[in-house]
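*Asks:*
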Amino acid sequence: MYEVIFYLTAAIAVLAAAAILKVTHPVHAALYLVISLLALALIFFLLGAPLLAALQVMIYAGAIMVLFLFLIMVMNLRSERNQSLPLPSGWKGPAFLALILWLELLLLLNRYPAEETNENTAIEPKAVGHALFGPYLVLVEAAAVLLLAALIAALYLSRKGRS
Amino acid sequence: MSQLLWLIPGAPMLSALIIALLGGLLQRRHLAILATCAAAIAFLVVLLTWLAGAATSQPLQQTLYTWIAVGNWNPTIGFTLDRLALVMVSVVSGIGLLIHIYSITFMAEDNDQRRYYFFLNLFLAGMLILVLADNLLLLYLGWELVGLCSFALIGFWYREPMRASAGRKAFVTTRIGDMSLALGIFLLYSQFNDLSLSYLLANATAQWETGSQLATLTALLILGGAIGKSAQLPLQVWLPDAMAGPSPVSALIHAATMVTAGVYLIARTYPLFELAPHVQWSVAAIGTLTIVYGASAALAQNDFKRVLAYSTISQVGYMFLALGCGAYALALFHLVTHAFFKSLLFLAAGTVIHFSGNEHNIHNLGRLDNHSPLVRWTFLIGAASLAGFPLITAGFYSKEAILTATWSAPAGPLLWAFAAFGVLLTAVYIFRVYFIVFQGSRSNASTPSAPGSMTWPLLILALLSLIGGFVEFPVGWLAPHQWSVWLEDEFRLTVHPPLEIAYSLQFITSLLTLIGIGLALVLVRREQAGHYLTKIIFLRTGWGFDALYQTMLIQPYFSLARLLKATDALLIEGILHKMTHACLLLASACRRGVEHGVLDKSIAGLLAGFRFGYARLSATQNGLLSRYALMISMGAVFLLSYWLW
Amino acid sequence: MIPLTHSLIIAALLFTLGLLIILLRRELLFILMGLEVMFNGAALTAIAAGQYWNNADGQVLTIFLMVVTAAELAVALILVWLAYEHFKVTQVNMLTQLKDDTRGEPP
Amino acid sequence: MNFTQWLLAFSGLGLVLLGLLFIAALMVYGERRILALLQDRLGPNRAGPFGLLQPVADFLKLLTKEHFVPPFADRNIYIIAPIIVPFTALLSFVVVPVSDDWWLADLNIALLFILALSSLRVYGIMLGGWASNSKYPLFGGLRSAAQMISYELPMSLALMGVVILSGSFSLVDIVAAQELPFIIFQPIGFMIFLVCGIAETNRLPFDLPEAENELASGYNTEYGDIKFAFYYLGEYIGVLLIAALIAVLFLGGWHGPWLPGVFWFMLKTLVLIFLFFWLRTSLPRLRYDQLMNSGWKLLLPAALINLLGTALLGLFWMEG
């Protein structure tokens, strides 16, 4: 049962991501992306990372993608078939490149053969918090600075756009 | 006493924050007063530390705060005030205060005073942090703050594209040095896992052998940083253009304080340089070359402030020379006297320019008669001090000491010869300016009297330029040598040549100065007769360094693309078409089918090759995001496959 | 249970798909979505590996990934909006202001 | 799990689902009666005794209407969008504990689960507004997106105070930790959560997305028949959810003297629901800029300060 759910979800995540390649309307693409994100959240949950599953839904699907949709709606983008299709130089090159990349990634990721684990034990949010505010404290501070910088940049740019 | 240390950089920093956050609520005048008060507080605290005996006691220490504690690494915000730092702090805060006072009048008309005083105070705070820092991380923070403020102040009147680009140029050029310094810091950290200066220096001396590769590399990287900030060859190109900023800024940043940051850095980390004798010698060599370079370029300038800028480059060269010869105390000595007379010169020049309707050209200034005698006399004092007029000026004593110390360094006589030539040139260029600008001037009734806040700094600095040198008399004189004795705890004593040589050296350089002044007089006569020195474009453009960098570094990529494009056009539309045509005609005429095919194919192949190259290269610049992304991913895939394979 | 390899294959697939989206689509928003997909591939790698070694580090890494994404998108979306305001297009092949002019004059 | 257990689980879920739908229907009736009472009029009283069958009649009416999709709409999204709203709200109930031994699931991230679902709720409204492809619904959808983003942050931050006090994301643990209701320790957090809760459900005074007099009917202007019923239902289930959550998080859930826990939980929830209805009659709608300002400039800083204070409290008082 567990496996079936996992592979099903994974298939959904991948197929939804692939659908972004094909659809013409930005809203549809955004929705496919949301589906992919939600499926991925479920995968996280199944792998034993409940905190990240929740955060994935909250941050990606709940905040970022809403912003995306908001922007699409404000700009009132429509599906323009001719303009959104691949570049004139064609799709073969990039597709080939992506294929190579995928094969390479597979090779890379499987370079050190992993033994199968018996059980994916869930890691509690508490453990993540302890790691976050213990050894990774500097990174947390750096992330805070980064967010502040992004905030200021976004504010500044939006002001600039208004004037 | 050490509890008060934080106030030295803290007061200007706080004031900068207040100006930035609440400046809108204050009137312009109050902004200036607030900023000046902050500088005054910093200076008062420094005075207090003198009075409290910091000059004789152990170094003062204060640790304010630990930034982040990670593992066993605890970078702190901590200050150390030893004698080296004490000298620097006194100069920076003292000159800083004078320049704040001067700015009150100088900038009174400007609309953007809030920004000006914010950056001026921030700069002061950054410089003081740099000097007081007890670890390299904090030092680097001050270093970058100073760089940022310098950029902002050079481009202060950024609405004129020239000035804005001068700011950018300064920023980009010094960035090269900054990166080098950062790399040096990384290297030190990777070796010792700590950035505390005392710990680093002690451990480096203990662990590294003299001349070892690591020591050489570290010293080189630090030297790179110092060169960038101190505008030494080959990173000096930004300083002449930095004169686009307001005059007080030029005086503060580009004469008295910031450019000496490199000198301070080397003096602070001198044990590393002693571990790398080659690098230390190259410090001296760079210094010497820069002396001659700056002085000769200054000879041919028409812009009042540019003369002083090149002069600064050249004078900082003396400090580097002293550092390279191991005479750290003397480098510091020259730093102090230079701060006095160079800021005096800048402020005097600023006053002249200010009251002449922003006229920078010395020849035009010379035709005006309205220079007030006070400015004239103070400028004369500054010029004499800069030229090293014997016996009565501070510049004489500091420069003399360096030149004497140079003699005993490796390849000393050679270095000395260059430096002495520099002395001659210095006297020529500065008195040339003095004669051109002030010679014809009479004090007449229409002279606009400069307000007190502009004249007092001039007077104080003039006084200091005269008497500032009496703390250290040349070798062999019966008068006291307090300076180097006082700094003996920090640095070792300088090696001097035998007395008779020292005496003759002193005599020769004094003579050179006097000759230089005479030469300047002759030169000015010739110039007034129409033989302009400035026709020597090579000198006027600062040996053409800007053009050199333009050709060497900036142009090639453009040129390549242009070449290919031109070749393409030429080949396709011009010669090759005709050639092909002609060949075809020839071939058909001769009816030699084989050659026909070969020739045609080879030429067509060549053509296609050029066309292909052009298309590929211009495709890298086509501005298409997708294409760039494709390139990046191709690179990634390629690297990955290389690595996997 | 799920072998680590399978999670990694899925992650690689997502990553590659994201790259393809970036390379093939021309609308700025699509490109940003492609970036998201790529990020997700990376996140899945981190989490799968973290779980495999029973270690919270993978999740911490993913949290930072989210922070970076959020910061990046906050600015990127504003930029898209500005591009739309100024040029009225959001197709990258229309936005070629950075293209070197053909005279090749240095700035 | 064997087949019987699956069956039991699913039938249990089904029962809860039906129960919730039933309660929501009753709430519609209740609101109309209470509104009428407060506004001094009669309200629905024809269908059945005291008009109790009114919701049934409404439901039947909507069910039997023609299934109409506007020709200019984006068909698929138009149909899917209304389902999202009640769906996310219903799913949240999975983790709400009714009494000390009665709940469907005890996730260790229950609170995050609820927040995640509530952040998904906005899709229903946004997409409904967009898919209708006409201007008032679009504005309704846009407003709703902006509102949700603005109010979700303070809401989550306000809840973190509770998490600090109880040391767990699990709702069961949170209720168990409330010997004294958290409203005593977290009055600011309670207020913020209440306000944001109302805003999240788009109730007055925060019903900007469906402001009748500005936007016709906002995002659901183009909706009729059963799809409209979904929106309608979603709103009431949302109100029920927020009320239940406040009861669980701040008012001590099942804790209470003498009577069984279920009763206390229900009582608290009902009082809160009544409060919502009451607010609807008494407060005027906010202006849009007021809404945004209060979200970003009042609630968010307040939530941050609340979090900081609670964290300090936890650091110095609870640990040491």
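Protein chains in written order, with the numbering used here: chain X, 1 to 163; chain L, 164 to 808; chain H, 809 to 915; chain S, 916 to 1235.
Heads up, the beta-carbon is just placed ideally off N, CA and C, and yes, glycines get one too.
Any idea if alanine 692 (chain L) is buried or exposed, counting beta-carbon neighbours within 10 angstroms, 16 or more meaning buried?
*Replies:* In the second sequence, residue 692 (chain L) corresponds to position 529, counting from 1. Alanine 692 (chain L) should be labelled exposed.
*Asks:* Spatial neighbours of asparagine 917 (chain S) within its chain, please: C-beta separation below 6 Å, excluding the five flanking residues on both sides.
*Replies:* Along the fourth sequence, one-based indexing puts residue 917 (chain S) at 2. So the list is empty, once near-sequence residues are dropped.
*Asks:* Using a Cβ-Cβ cutoff of 7 Å, what residues of the segment 353-381 of chain L are near chain H? List them in chain order.
*Replies:* Listed by position, the residues of the segment 353-381 of chain L near chain H (Cβ gap below 7 Å) amount to none.
*Asks:* Is glycine 1153 (chain S) closer than 7 Å to alanine 1004 (chain S) when the C-beta atoms are compared?
*Replies:* In the fourth sequence, residue 1004 (chain S) corresponds to position 89, counting from 1. In the fourth sequence, residue 1153 (chain S) corresponds to position 238, counting from 1. Cβ atoms of alanine 1004 (chain S) and glycine 1153 (chain S): closer than 7 Å.
*Asks:* Straight-line CA distance for phenylalanine 467 (chain L) to alanine 430 (chain L)?
*Replies:* Here residue 467 (chain L) refers to the residue found at position 304 of the second sequence. Here residue 430 (chain L) refers to the residue found at position 267 of the second sequence. Cα to Cα, the separation comes out at about 31 Å.
*Asks:* Could you check the C-alpha separation between glutamate 880 (chain H) and valine 128 (chain X) for me, to the nearest Å?
*Replies:* Numbered from 1 along the third sequence, position 72 holds the residue referred to as residue 880 (chain H). Numbered from 1 along the first sequence, position 128 holds the residue referred to as residue 128 (chain X). Each residue's Cα considered, the two are about 24 Å apart.
*Asks:* Does the CB of glycine 48 (chain X) have a neighbour CB from chain H at under 7 Å?
*Replies:* Your numbering for residue 48 (chain X) matches position 48 in the first sequence. Yes - at least one Cβ of chain H is within 7 Å of the one on glycine 48 (chain X).
*Asks:* Should isoleucine 152 (chain X) be flagged as near chain L, meaning a C-beta pair shorter than 7 Å?
*Replies:* Along the first sequence, one-based indexing puts residue 152 (chain X) at 152. No - not a single Cβ of chain L is within 7 Å of the one on isoleucine 152 (chain X).
*Asks:* What does a CB cutoff of less than 7 Å around leucine 869 (chain H) pick up in its chain, not counting 5 residues either side in sequence?
*Replies:* Here the question's residue 869 (chain H) lines up with position 61 in the third sequence. Correct list, in chain order: Ala854.
*Asks:* Going by the DSSP bridge assignment, what does aspartate 466 (chain L) pair with across the sheet?
*Replies:* Counting from 1 along the second sequence, the entry for residue 466 (chain L) is found at position 303. Bridge partners of aspartate 466 (chain L): L:Asn524.
*Asks:* Using a cut-off of 8 Å between C-beta atoms, extract the partners of valine 800 (chain L) located in chain X.
*Replies:* Locating residue 800 (chain L) in the second sequence gives position 637, where the first residue counts as 1. Per Cβ cutoff of 8 Å: Leu97, Ile100, Leu101, Glu104.
*Asks:* Return the Cβ separation of leucine 67 (chain X) and leucine 885 (chain H) in integer angstroms, given the expectation that the two are a contact with Cβ distance under 8 Å.
*Replies:* Position 67 of the first sequence, counted from the start, is the residue given in the question as residue 67 (chain X). Position 77 of the third sequence, counted from the start, is the residue given in the question as residue 885 (chain H). Correct: roughly 6 Å between the Cβ atoms.
*Asks:* Could you check where the alpha helix (DSSP H) with tyrosine 228 (chain L) kicks off and where it finishes?
*Replies:* Numbered from its first residue, the second sequence carries residue 228 (chain L) at position 65. Here tyrosine 228 (chain L) belongs to no alpha helix (DSSP H); instead the beta strand (DSSP E) covers 223-229.
*Asks:* If you follow the beta strand (DSSP E) that glycine 241 (chain L) is part of, which residue opens it and which one closes it?
*Replies:* One-based indexing of the second sequence puts residue 241 (chain L) at position 78. 239-244 is the extent of the beta strand (DSSP E) around glycine 241 (chain L).
*Asks:* Could you tell me whether the segment 579-590 of chain L touches the segment 545-562 of chain L, using the rule of 3 or more Cβ pairs below 8 Å?
*Replies:* Verdict: yes, contact present.
*Asks:* Anything in the segment 1058-1071 of chain S with a Cβ closer than 8 Å to a Cβ of chain X? List those residues in chain order, please.
*Replies:* So the close ones are Ala1060, Ala1061, Met1063, Ile1064, Glu1067, Ser1071.
*Asks:* Is alanine 370 (chain L) helix, strand or coil by DSSP?
*Replies:* Counting from one through the second sequence, the residue named residue 370 (chain L) turns up at place 207. It is glutamine, not alanine, that sits at residue 370 (chain L) in the sequence shown. It is helical.
*Asks:* How is the alpha helix (DSSP H) around tryptophan 1017 (chain S) delimited, first residue to last?
*Replies:* Here residue 1017 (chain S) refers to the residue found at position 102 of the fourth sequence. Segment: none, tryptophan 1017 (chain S) is in no alpha helix (DSSP H) and carries neither H nor E.
*Asks:* Can you name the residues that DSSP bridges to serine 359 (chain L)?
*Replies:* As a first step, residue 359 (chain L) is located in the second sequence; it is residue number 196 there, counting from the start. DSSP lists L:Asn298 as partners of serine 359 (chain L).
*Asks:* Taking the alpha carbon of isoleucine 267 (chain L) as the reference point, which residue from L:Trp213, L:Ala333, L:Pro409, L:Leu291 has its own alpha carbon closest?
*Replies:* Within the second sequence, residue 267 (chain L) is the residue found at index 104, counting from 1. The shortest C-alpha separation from isoleucine 267 (chain L) is found at L:Pro409.
*Asks:* Please report the distance separating the alpha-carbon of leucine 1206 (chain S) from that of tyrosine 280 (chain L).
*Replies:* The residue given as residue 1206 (chain S) occupies position 291 in the fourth sequence. The residue given as residue 280 (chain L) occupies position 117 in the second sequence. Their backbone Cα atoms lie some 39 Å apart in a straight line.
*Asks:* Of all the CB atoms in chain X, is at least one closer than 7 Å to the CB of phenylalanine 1028 (chain S)?
*Replies:* Here residue 1028 (chain S) refers to the residue found at position 113 of the fourth sequence. So, interface residue.
*Asks:* Spell out the partners DSSP gives glutamate 880 (chain H) in its beta bridges.
*Replies:* If you number the third sequence from 1, residue 880 (chain H) lands on position 72. None; glutamate 880 (chain H) has no bridge partner.
*Asks:* What would DSSP say about tryptophan 1173 (chain S), mapped onto helix, strand or coil?
*Replies:* To locate residue 1173 (chain S), count along the fourth sequence from 1; it is residue 258. Coil at tryptophan 1173 (chain S), not helix or strand.
*Asks:* Excluding sequence positions up to five away, which residues of its chain have a Cβ less than 6 Å from the Cβ of glycine 866 (chain H)?
*Replies:* Taking the third sequence and counting its residues from 1, the one referred to as residue 866 (chain H) is at position 58. Closer than 6 Å at Cβ, skipping near neighbours: Ala854, Ile855, Ala857, Gly858.
*Asks:* Using a beta-carbon distance below 7 Å, is tyrosine 136 (chain X) in contact with chain H?
*Replies:* Translated into positions along the first sequence, residue 136 (chain X) becomes position 136. Closer than 7 Å to some Cβ of chain H, the Cβ of tyrosine 136 (chain X) qualifies, so yes.
*Asks:* Which class does glutamine 1101 (chain S) belong to by DSSP, given the choice of helix, strand or coil?
*Replies:* Translated into the one-based positions of the fourth sequence, residue 1101 (chain S) becomes position 186. Three-state DSSP puts glutamine 1101 (chain S) in coil, outside helix and strand.
*Asks:* Tell me, please, whether the CB atom of leucine 803 (chain L) is closer than 7 Å to any CB atom in chain X?
*Replies:* For the purposes of this step, residue 803 (chain L) is identified with residue 640 of the second sequence, where counting begins at 1. Cβ-Cβ to chain X under 7 Å: yes for leucine 803 (chain L).
*Asks:* What residues are listed by DSSP as bridge partners for glutamate 835 (chain H)?
*Replies:* Here residue 835 (chain H) corresponds to residue number 27 of the third sequence, with the count starting at 1. Glutamate 835 (chain H) pairs with H:Gln899.
*Asks:* Let me check one thing: in DSSP terms, what residues is glutamate 635 (chain L) bridge-paired to?
*Replies:* Taking the first residue of the second sequence as 1, we reach residue 635 (chain L) at position 472. DSSP, once it has assigned bridges, lists L:His644 as partnering glutamate 635 (chain L).
*Asks:* Whole angstroms are fine: how far does the CA of methionine 902 (chain H) sit from the CA of glycine 776 (chain L)?
*Replies:* On the second sequence, residue 776 (chain L) is found 613 positions in, with the first residue counted as 1. On the third sequence, residue 902 (chain H) is found 94 positions in, with the first residue counted as 1. Glycine 776 (chain L) and methionine 902 (chain H): Cα-Cα distance of roughly 25 Å.
*Asks:* Kindly indicate which three-state DSSP category phenylalanine 319 (chain L) falls into: helix, strand or coil?
*Replies:* As a first step, residue 319 (chain L) is located in the second sequence; it is residue number 156 there, counting from the start. Coil at phenylalanine 319 (chain L), not helix or strand.
*Asks:* Look at the Cβ atom of aspartate 1015 (chain S), then the Cβ atom of tryptophan 1169 (chain S), and state whether they are nearer than 7 Å.
*Replies:* On the fourth sequence, position 100 is the one that residue 1015 (chain S) refers to. On the fourth sequence, position 254 is the one that residue 1169 (chain S) refers to. For aspartate 1015 (chain S) and tryptophan 1169 (chain S), yes; Cβs fall inside 7 Å.
*Asks:* Specify, as a first and last residue, the run of the alpha helix (DSSP H) that alanine 494 (chain L) falls within.
*Replies:* To locate residue 494 (chain L), count along the second sequence from 1; it is residue 331. 491-518 is the span of the alpha helix (DSSP H), which, as asked, contains alanine 494 (chain L).
*Asks:* Leaving out five residues before and five after alanine 912 (chain S) in sequence, what residues of the same chain have Cβ atoms less than 6 Å from its Cβ?
*Replies:* Lying before the first or after the last residue shown, residue 912 (chain S) is absent from chain S, which here runs from 916 to 1235.
*Asks:* For phenylalanine 601 (chain L), which residues in the same chain have their Cβ closer than 8 Å to its Cβ, ignoring the five residues on either side in sequence?
*Replies:* Here residue 601 (chain L) refers to the residue found at position 438 of the second sequence. Hits under 8 Å: Gly529, His534, Arg539, Phe542, Leu543.
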